[in-house]
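Number of protein chains: 2
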Amino acid sequence: MNVTDTRYGLRQQSLCIVGLGLMGASLAMALRDHMDAGRISAVTRREETARAAVERRVVAAADTDFAAGVAQADMVVLAAPVRTILVQLRAYRSAFKPGAVITDLGSTKSEIVQAMNELPENVHAVGSHPMCGKEVTGMDAAEAGLYRSKRWVLTRTSRTDEASFALVRELAEAAGAVTLELDAARHDMLVAFASHMPYALSTALVTATDQASLNDPAVWQVTASGFRDTSRVAASDVTMMLDILLTNGDAVVNAIRDFQFSLDQFTAMLERSDEEGLRAYLSAAAAARKRNGANW
Amino acid sequence: MNVTDTRYGLRQQSLCIVGLGLMGASLAMALRDHMDAGRISAVTRREETARAAVERRVVAAADTDFAAGVAQADMVVLAAPVRTILVQLRAYRSAFKPGAVITDLGSTKSEIVQAMNELPENVHAVGSHPMCGKEVTGMDAAEAGLYRSKRWVLTRTSRTDEASFALVRELAEAAGAVTLELDAARHDMLVAFASHMPYALSTALVTATDQASLNDPAVWQVTASGFRDTSRVAASDVTMMLDILLTNGDAVVNAIRDFQFSLDQFTAMLERSDEEGLRAYLSAAAAARKRNGANW
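Residue numbers (the numbering used here), protein chains in the order written: chain A, 1 to 296; chain B, 1001 to 1296.
Written out as structure tokens, the structure reads:
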């Protein structure tokens, strides 16, 4: 059969993961037990990574040539920073097998969905975003359990039909994730609040503290668990975060404005020592954190 | 001997901990192996807590009357929210045994040191601030290891001599902490950056996100580990944090201004899609976080 028959499930597909960083390699490891491991291949830029991935049985085969690597794949998962995915979708639009289902693991969806909409009509494409990660990157940090119980957003494109959507959902669920369907604009607005704006706060916190340390280096000696937690994501991979920010700038700026409104309220109350106002504000925040954090 | 002879170390003292919340009860548990457990007593507001503390051998004796409880103690540790400590230092200034060494576990130091400076001249007083805690409070959450390897700031007052300073340092070290001497104003400026401002950011983040959830409740479904970490301290005990903020307002407002300057830089670069500027800013923040976070 020349055209991928998406009436068959994940087990019947051959899968090519493009990119063997933390996300791509972890996905391969998560799927090995859910489908014929011999059907999982990869494309990776470096020869060395390709060799290591096969040696360690992360994938059955690995290619450093994109077009050659994806040519036979029923499903292709683009697992790279967002702007690399955009380049791949445009540069290799004709490389995919007719009928293939393309998906991605990118952290913003609007620009990727737009690029997917422009793919040839004989391929399927579904945007996806598994909401997990670690501060460490690369294949060495990969683990089969990375996606387990994590939220995985699925986004339809004009190249999505029910069968391709179901197949990508099956892939996410096989990796252990919990899927949620959102359109691209809504996804990007929501993750600006839930992820990109918090990252911006963390980096600004660390930057301001590092500046303060020029006047008094002891500031780093008195940082405790609160600072450690609040600043943790500031150590995230810069290339990945730059791609996210530059493909979701408007939503992130809007979320920062909303944050700033809340911080200004707080600061104004503190400046006038408004104890009752502060108590109400802080109690509401603590309650919201506890209420929503209970399921994390 | 009527007057505490501070030439003798911690083992020779009788110790009264005022307040059996997380901090006070954990201190008692940490010290039980380092001194005669029979010499550790407590003052607590509620009869029920006093009884439970003795039953569980957290302390050898517990009183609900402040004056009676501290009357015989060579050392008194005030383990309550900051403004309660301030009230205790003023209301019970004559309750301490002549020669006694008073210290505290309060999170801000300027106002407490000022109150300690006004104590009768026949007592010693050293400000102190162990930099640890948990989101859960109360004696049930107490653990002997709470202070282990944590930073513990010591602050001299006009009622501090070398012997009393050494004794409080010995107490901190017996609990497993690593001491650091700072004057009150410097301490308060530093912890505004390292602790109180991050708390303000976390609460503003949660407040803004909770507001956004009124328009789209799905925002709480897409929060992942980054949000969880950045927002964690927003769930802190409100009464404790209110006391901290209201006794360190100027330093916290200044730290927020410095943070805001850094966030404004970030936002301006993002608005003009200044990739190189953002890369430099984010790389510096990631490097500072990794460099200083390595020892946490």
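C-beta: ideal position from N, C-alpha, C; glycine also.
Span of the beta strand (DSSP E), counted from its first residue to its last, around residue i
i, result
"G127(A)", "124-130"
"D1063(B)", "1061-1063"
"L1010(B)", "Element bounds for L1010(B): n/a, residue is neither H nor E."
Burial state of residue i, where buried means 16 or more other Cβ atoms lie within 10 Å
i, result
"S1107(B)", "buried"
"D973(B)", "In this structure chain B extends from 1001 to 1296, so residue 973(B) is not present and cannot be described."
"R297(A)", "Outside the shown range of chain A (1 to 296) lies residue 297(A), about which nothing can therefore be said."
"P1098(B)", "exposed"
"Q72(A)", "exposed"
"D1243(B)", "buried"
"G1145(B)", "exposed"
"Y147(A)", "buried"
"R1272(B)", "exposed"
"N2(A)", "Residue placement at N2(A) is poorly supported in this model, since its pLDDT is 38, which falls under 50; the coordinates are not used for a value here."
"L261(A)", "Leu is not the amino acid found at residue 261(A); the sequence shown has Phe there. Per the 10 Å Cβ criterion, exposed."
"P198(A)", "buried"
"A1294(B)", "exposed"
"S1128(B)", "buried"
"V136(A)", "exposed"
"N215(A)", "exposed"
"G69(A)", "buried"
"R1291(B)", "exposed"
"T81(A)", "According to the sequence shown, residue 81(A) is Pro rather than Thr. P81(A) is buried by the Cβ-count criterion."
"E1111(B)", "buried"
"V238(A)", "buried"
Residue i in three-state terms, based on DSSP
i, result
"R1090(B)", "helix"
"D258(A)", "helix"
"L1298(B)", "Coverage of chain B is limited to positions 1001 through 1296, which leaves residue 1298(B) absent and any answer about it impossible."
"V136(A)", "coil"
"L1119(B)", "coil"
"L15(A)", "strand"
"V1168(B)", "helix"
"G1249(B)", "helix"
"S231(A)", "helix"
"E72(A)", "One detail in the question is off: residue 72(A) reads as Gln in this sequence, not Glu. The answer is coil: DSSP assigns Q72(A) none of H, G, I, E or B."
"V58(A)", "coil"
"L1146(B)", "coil"
"D999(B)", "Since the displayed chain B opens at 1001 and closes at 1296, residue 999(B) lies outside it and no answer follows."
"F66(A)", "helix"
"V1003(B)", "Confidence at V1003(B) is low in this model, with a pLDDT of 45, below 50, so its placement is unreliable and the value that follows should be read with caution. Looking at V1003(B) - three-state DSSP - the assignment turns out to be coil, as it is neither helix nor strand."
"D1161(B)", "coil"
"R1272(B)", "coil"
"T209(A)", "helix"
"T267(A)", "helix"
"A224(A)", "coil"
"T108(A)", "coil"
"A194(A)", "helix"
"A1095(B)", "coil"
Those residues which DSSP pairs with residue i across a bridge
i, result
"W1152(B)", "P1130(B), T1179(B)"
"T103(A)", "V77(A), V126(A)"
Where the alpha helix (DSSP H) through residue i begins and ends
i, result
"A1042(B)", "Careful: A1042(B) lies outside any alpha helix (DSSP H), inside the beta strand (DSSP E) at 1040-1043."
"V238(A)", "238-246"
"G1290(B)", "Note that residue 1290(B) is Lys in the sequence shown here, rather than Gly. Note, K1290(B): alpha helix (DSSP H), 1275-1293."
"M189(A)", "184-191"
"A1028(B)", "1022-1031"
"A52(A)", "47-55"
7 Å Cβ cut-off: residues of chain A touching residue i
i, result
"G1226(B)", "S195, P198, Y199, V233"
"Q1221(B)", "R151, L180"
"A1285(B)", "T203, V206, T207, A234"
Where residue i meets chain B, residues with beta-carbon distance less than 8 Å
i, result
"V168(A)", "By Cβ distance, chain B contributes nothing, its closest Cβ being about 18 Å from V168(A), past 8 Å."
"G145(A)", "By Cβ distance, chain B contributes nothing, its closest Cβ being about 14 Å from G145(A), past 8 Å."
"D216(A)", "R1186, M1189, L1190"
Contacts that residue i makes with chain A (C-beta to C-beta distance below 9 Å)
i, result
"G1249(B)", "L270, E271, S273"
"L1246(B)", "L270, S273, E275, L278"
"N1122(B)", "Under the 9 Å cutoff, chain A gives no residues; its nearest Cβ is about 33 Å from N1122(B)."
Interface residues of chain B facing residue i [CB-CB closer than 7 Å]
i, result
"R159(A)", "Residues of chain B passing the Cβ test: none, with the nearest at roughly 24 Å."
"R289(A)", "V1206, S1231, A1234, A1235"
"A212(A)", "F1193, D1258"
"L119(A)", "What L119(A) touches in chain B: nothing, since even the nearest Cβ is about 26 Å away."
"F266(A)", "A1200, T1203, A1204"
Any non-hydrogen atom of the ligand HEM within 7 Å of residue i CB
i, result
"Q1072(B)", "In the structure on display, the ligand HEM does not appear, and there are no ligands present to speak of."
Per-residue contacts from residue i into chain A (C-beta, under 8 Å)
i, result
"T1241(B)", "According to the sequence shown, residue 1241(B) is Met rather than Thr. Correct list: L282."
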